[in-house]
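Chains S and Y, in that order, give the protein sequences.
This note's numbering puts the first residue of the first sequence at 282, with every later residue one more than the last.
This note's numbering puts the first residue of the second sequence at 306, with every later residue one more than the last.
Cβ atoms here follow ideal geometry from the backbone N, Cα and C, with glycine treated the same way.
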Amino acid sequence: MKKADIITGIVLLALAGYLMQEALGMPPSRTFGPGSGFLPFWLGIILAALSLILIATASLRRKAGPDGPVFPGKEGLLTVVKVLGGLALFTLLMETLGFVVNTFIFVAYLMGVVQREGWRSVFLTALLTTACLYIVFHVLLGIALPRNMFGF
Amino acid sequence: MGFQVASSWENLLFCFLGTLLGTLIGVLPGIGPTTGVAILIPITFGMNATTAIITMAGVYYGAMYGGSTTSILLNVPGESSSVMTTLDGYQMAKKGRAGPALGMAALSSFIAGTFAVLMLTLIAPALADYAVSFGPPEYFALTFMGLTMVTSLGGDSPLKGIISGILGLAVACIGIDAISGEARFTFDSIHLLDGVGFIGVAVGLFAVSEVLVNMEAPMKRVFTETKLSIRSLFPNLQDWKDSLGALWRGSAIGFFVGVLPGAGATIASFMAYAAERKCSRRPEKFGTGLIEGVAAPEGANNSAAGGAMVPLLTLGIPGSGTTAVLMGALIIHGLRPGPLLFSAHPDFVWGLIASMYIGNVMLIIQNMPMIGLWVRLLKVPYKILMPLIIMISAVGVFATDNNIFDVWIMFFFGLIGYLMQKMHYPPAPLVLALVLGPMVERSLRQSLTLSHGSLDIFFTRPISATLTAIALLSLFAPLFRILWNRYRKGKAAPAQ
């Protein structure tokens, strides 16, 4: 945790610097009251101060902490990456593939590739999930869901 | 007289349909009470005014309750007022106590809602003055106090709680600045001009990150065996004892916050939660599954819904987005809300108030038997629940604005939320600072404009001074406590 805290502290410090830099670039405060850069600037200052405190307290802590490693082992981390990657692809392809196809493939991916279930439960879950979501959102609530070039 | 009006068969039926529809709408993330009420307006054209408003009030309440269902069961906050319920409610569900959590949410919503309607009936006109006495400094003090109370929910590290809150405020700055029209942090993207949508952030930060954390160890059971016996489905005596104080405090806080135009169920819910934590004998256990952590925010958000009717009915000022839509509906039906409403259309006003009572009762009747059904949902193996949660989250978020960009926001904040969970940063302050941010900034800048740059304005006005003092106290209290403890240890050591 100690190393992780120091690294996050540095990242936050950089973010604070960015906030302040952007804020100074905005039109200055006029007689009408604080301008648009007011809040981001002060947020930057507070965040910088807090990050410094974070880095300081983390460095002064004597041991690495009893809670062990921050991130899970290789396998756990890989699963997380797979889910995130799948979600990113899903969002990317939504407009191209259309809701029905995209959802089906994504659920099948989550069940089959990420969780390695048998093809029967993969197919059934994907089918039922897509069908239920389609009925609730499109049929019952009338929300327009994306369609692909074939019209579904 | 009101009950006579409200109890006509037609009105009762539509109230029932309203609450049912409202609950279903509330369960879906992204589609909240405001959207639900707005969808219904065209449908109510054919009805008479009283029936229409009764239906919409039913939807409003139903949606409030529906949102808490997914918060408790799946850590998916249905809308901003249900975010606080996830903190203890979901933890209770994980420990097998989903039934009592849902039950307490329903019952506290009912009790607090009834309290609010009572208060509304008795003191509505007197409250009009109170509502109007809040100017920009008071709003800043109130929201600042809300922020400091929320950042104290930092669990082990208040520092990380504050950082989380600051990050939320920074995200709130994205978009076009309302006062000057300047585009901030938009990276030339049209989608960001309107700011970062709350629902994408909340669902990503809570629901998606939770799924990711659970995916690390797929074999580990997420939900402890939930018992289905009748007795374990509802809150037991101990639960009631623990929650009694929470209910009173939550109802009162919720109502008075709800009365203020602009401050609604969301702010009420987390003020109630934070206040409950401060009044509790076991504050460190909040966030692990305490029933009063569910009773307080749930009671507060329903009480605030009742309170929000006060400025609408007495002053003609809508207190929140949803009441604004309600006001639009009223005007469409030919009723002009304002001081004259009570005298010009008494049957309507009292009919509406009575229907709020009835709506509360209907919610209880509809939802208590359904608790068993909802809890059964948790018995579904997590490997099937997981894709379901992600899909409902993604589609729900998409459905808010029919914009795929919102899903990208959800993705991004899902990643951030995962990292935050790993590094022990609490997500609640970020999301709540995001909600409060615009109001904080606006009232701060308005106040400083009024006072020509002097900070005195916050301390010379009585209400603002009190609230600011409370805010500063709660901000520095942990620091004082640490220093005080060190002082006491220092005194004890030489005596040895």
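- In terms of Cβ geometry, Val364 of chain Y and Gly408 of chain Y do not form a close pair [threshold 9 Å].
- For Leu474 of chain Y, same chain residues with a beta-carbon under 6 Å away, outside a window of 5 residues either side, are Ala738 and Gly742 in chain order.
- Interface annotation for the segment 741-752 of chain Y against chain S: Glu746 and Arg750, criterion Cβ-Cβ distance under 7 Å.
- Assignment of beta-bridge partners to Gly480 of chain Y by DSSP yields Y:Arg489.
- In terms of Cα proximity to Ser748 of chain Y, the closest of Y:Pro616, Y:Met675 and Y:Pro441 is Y:Pro441.
- Against chain Y, a Cβ distance below 9 Å from Gly316 of chain S picks out Asp482, Ile484, Ser485, Glu487 and Arg750.
- Leu300, Glu303, Ala304, Met307, Pro308 and Ser310: these are the residues of the segment 298-310 of chain S whose beta carbon lies less than 9 Å from some beta carbon of chain Y, given in chain order.
- For Ile424 of chain S, the residues of chain Y that pass the 8 Å Cβ criterion are Ala704 and Asn707, in the order they occur in the chain.
- Assigned with DSSP and collapsed to three states, Asn708 of chain Y falls in coil, not helix or strand.
- Contact annotation for Val712 of chain Y against chain S: Leu368, Phe371, Thr372 and Met375 [CB-CB distance below 9 Å, chain order].
- Beta-carbon to beta-carbon, Pro427 of chain S and Gly379 of chain S are separated by about 6 Å, close enough to satisfy the 8 Å threshold.
- Within the segment 674-701 of chain Y, contact with chain S at the beta-carbon level (separation under 9 Å) is assigned to Lys688, Ile689, Met691, Pro692, Leu693, Ile695, Met696, Ile697, Ala699, Val700 and Gly701.
- Interface annotation, Ser340 of chain S: not in contact with chain Y, CB-CB separation never under 9 Å.
- For secondary structure counted as the alpha helix (DSSP H) over 4 or more consecutive residues, the segment 745-793 of chain Y holds these complete runs in sequence order: 762-765.
- Listed in chain order, the positions of the segment 387-413 of chain S with a beta carbon within less than 7 Å of a beta carbon of chain Y are Val388, Leu391, Met392, Gln396, Glu398, Thr406 and Thr410.
- Counting along the chain, Pro321 of chain S sits inside the alpha helix (DSSP H) bounded by residues Phe319 to Leu341.
- Exposure of Cys584 of chain Y is indicated by the presence of fewer than 16 other C-beta atoms within 10 angstroms of its C-beta.
- By the Cβ-count criterion, Thr377 of chain S is exposed, with fewer than 16 other Cβ atoms from all chains shown falling within 10 Å of its own Cβ.
- Flagged as an interface residue toward chain S: Glu521 of chain Y, by a C-beta distance shorter than 9 Å.
- Taking the CA atoms as reference points, Leu542 of chain Y sits about 11 Å from Leu549 of chain Y.
- Residues of chain Y whose Cβ lies closer than 9 Å to the Cβ of Val361 of chain S are, in chain order, Leu517, Val518, Met520, Glu521 and Tyr723.
- Within 7 Å of the CB of Gly357 of chain S, the CB atoms of chain Y belong to Glu521 and Ala522, in sequence order along the chain.
- For Arg402 of chain Y, no alpha helix (DSSP H) run applies, since DSSP gives it neither H nor E.
- The three-state reading of DSSP puts Arg397 of chain S in coil, since its state is none of H, G, I, E or B.
- For Leu452 of chain Y, the enclosing alpha helix (DSSP H) starts and ends at Pro441 to Thr456.
- Counting along the chain, Tyr370 of chain Y sits inside the alpha helix (DSSP H) bounded by residues Ala354 to Leu379.
- According to the DSSP assignment, Asn383 of chain S belongs to the alpha helix (DSSP H) that extends over Phe380 to Tyr390.
- Contact between Gly418 of chain Y and Met715 of chain Y does not hold, since their C-beta atoms are separated by about 31 Å, which reaches or exceeds 8 Å.
- Assigned with DSSP and collapsed to three states, Thr390 of chain Y falls in helix.
- The segment 388-406 of chain Y makes no contact with the segment 704-713 of chain Y; the number of CB pairs closer than 8 Å stays below 3.
- For the segment 318-335 of chain S, the set of residues with a beta-carbon nearer than 9 Å to any beta-carbon of chain Y comprises Gly318, Phe319, Leu320, Pro321, Leu324, Gly325, Ile327, Leu328, Leu331, Ser332, Ile334 and Leu335, in chain order.
- Here Glu521 of chain Y carries a coil assignment [DSSP, helix/strand/coil].
- Secondary structure at Thr406 of chain S: helix, using DSSP grouped into helix, strand and coil.
- Leu772 of chain Y has its alpha-carbon roughly 6 Å from the corresponding atom of Met450 of chain Y.
- Taking 9 Å as the threshold, the shortest C-beta distance from Ile467 of chain Y to chain S falls below it.
- With a 10 Å radius around the Cβ and a threshold of 16 neighbouring Cβ atoms, His650 of chain Y comes out buried.
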